[in-house]
Amino acid sequence: MNELDQKFEEIKKRFDKPRDAKDRKTPEYREIDNEMKKISYWIDHTEDITKRQELIDEHKRLKKAIHKIPCHPQTNKKFTFVRYAYDWLAGVCGTKEECIALKAEIADFLNKELKLTLSEEKTLITHSSEKVRFIGYDISVRRSQEIKGHKVKNGKWRKSRSLHLKVALTIPHTEKIEKFMFAKKAIIQKDGKFKPVHRTALLNQSDSEIVEQYNAEVRGLLNYYNLAVDYHTLDYFCYLMEYSCLKTITGKHKSSVRKIIRKYKDKKTWSVPYETKEGTKRVRPVKIADCKRGEASDIVFQRTKFNWKSTIRQRLKETCLYKLYNTNLHEIIQEQKERKKQTTD
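Here it is, written out as structure tokens:
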């Protein structure tokens, strides 16, 4: 697909119209901006309290008016693109007619040069204020008139529409997050609300393996959507997965969620101990704050080989059959080794 990238670069060089220094602001915006600067000067150099207050009121009125006027002219043209494998997204600062012409040019190039057909159903022309799905994210350009304070380079605070015309990556909860939990059978929907349930497929695993299975799934989604502006909304997803994990462990031990939390209580949370060569370690459910701070790595727990032996031994330790089981298991292993030797000989 290198040819397509080169074609995009060619379109960009031809389509882009650089912004001139004298035309960076629209005439209406520049006029009000210059008037506000003059008023700001006289506010600082006027001693009469009455006149100074009139200037302040006039400055506030102009400030409200300037927020409704576009700052940059619409004659500026810009083309940008991003590609991931066979999926690509192009952003055009221009008219809809220009977008239709560019789409036809790209489709003609793919057909003639690469022998590919552009899908009319998937290749859509959408306004930047509407959300577009690309590699799992919903992408749009914000239209926000909200005024927020932010620091500038000299360290001072300044109020502006900092979110206006900024690209926002959001999470498609219904199509991705909820669909994922339903596919894993971690939740059900009852009376319009989501309810965490146990997963029967994990009941045969040990408690630490169940927690790690949930952690791997939660960690994968949290790390993937780390760039989203609504990342904090995944906290509810973590809550549902954590209680589905608890209910899975509860179903395995035929107990209750309260008893399992009390059994594995670890300070303000809960964690399951497991044995390693270095000693006893604990695995706890991953929280949204762990991935946001980068504390949850991709590999935090490695399952030991033949972990089912230690799990069965741990269960039978509580009964008087442990010694009998231990000797029988030793005899079975010895018989299997002798059979392998006989077959190889």
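The working numbering applies: residue 1 is where the sequence shown begins, and numbers increase by one.
Ideal placement from N, C-alpha and C gives every residue a C-beta, glycine not left out.
Distance, Thr170 Cα to Lys77 Cα | 26 Å
Whether Ile187 touches Ile249 by CB criterion (9 Å) | no
For Ile333 and Ile339, the rounded distance between their alpha carbons | Correcting the residue identity first, residue 339 is Arg in this sequence and not Ile. Rounded to whole angstroms, Arg339 to Ile333 spans 10 Å at the Cα level.
Reduced DSSP secondary structure (H/G/I, E/B, other) of Pro27 = helix
Sort Met1, Lys103, Lys7 by Cα distance to Ala85 and report the nearest one.
-> Met1
Around the C-beta of Gln213, are 16 or more other C-beta atoms found within 10 angstroms, so that it is buried, or is it exposed?
-> buried
Between Ile135 and the rest of its own chain, which residues show a CB-CB distance below 8 Å, the 5 nearest in sequence each way excluded?
-> Tyr84, Asp87, listed in sequence order.
Quick one: what does DSSP say Thr269 is sitting in, helix, strand or coil?
-> strand
Within 9 Å, strictly: CB atoms of Pro273 and Asn215 | no
So, is Lys112 buried or exposed, given that buried needs 16 or more other C-beta atoms within 10 angstroms?
-> exposed
Can you tell me which of the three DSSP states Ser206 falls into?
-> coil
Helix, strand or coil at Tyr231 according to DSSP, with G and I counted as helix | In the structure shown, Tyr231 falls within a helical segment according to DSSP collapsed to helix, strand and coil.
Have a look at His72, Lys37, Ile56, Ile49 and flag the residue whose alpha-carbon is nearest the alpha-carbon of Thr26.
-> The residue with the shortest Cα to Cα distance from Thr26 is His72.
Rounded C-beta distance between Ile125 and Lys156? I'm assuming under 8 Å.
-> About 42 Å separates the two Cβ atoms, so there is no contact after all.
Candidates Ser206, His232, Ile43, of which the one nearest Asp290 by Cα = Residue nearest to Asp290 within the set Ser206, His232, Ile43 is His232 (criterion: CA-CA distance).
Going along the chain, which residues of its own chain have a beta-carbon closer than 8 Å to the beta-carbon of Ala168, five neighbours each way excluded?
-> Ile139, Ser140, Val141, Arg142, Val229
Between Lys122 and Lys263, what straight-line distance do the alpha-carbon atoms span, to the nearest angstrom?
-> 52 Å
Figure out for me which residue from Leu62, His45, Thr50, Leu165 has the closest Cα to the Cα of Met36.
-> Leu62
From the DSSP output, in three-state form, read off Gln342 for me.
-> helix
Between Gln145 and Lys64, what straight-line distance do the alpha-carbon atoms span, to the nearest angstrom?
-> 11 Å
Using a Cβ-Cβ cut-off of 8 Å (strictly less than) and excluding sequence neighbours within five positions of Ile261, which residues of its own chain qualify?
-> Only Leu246, Trp270 meet the Cβ criterion.
Cα-Cα separation, Lys397 to His127 | One cannot answer for residue 397 here, as it falls past the ends of the chain, which runs 1 to 345.
Any idea which residues DSSP pairs Cys71 with across the strands?
-> Looking at the DSSP assignment, Cys71 forms no beta bridge with any residue, so it has no partner.
C-alpha gap between Arg30 and Ile100, whole angstroms = If you take the alpha carbons of Arg30 and Ile100, they lie about 33 Å apart.
Under the assumption that Arg371 contacts His67 (Cβ atoms under 8 Å), give the Cβ distance between them as a whole number of angstroms.
-> Outside the shown range of the chain, which is 1 to 345, sits residue 371, and nothing can be said about it.
Leaving out five residues on either side along the sequence, give the residues of the same chain with a beta carbon under 6 Å from the beta carbon of Lys179.
-> none
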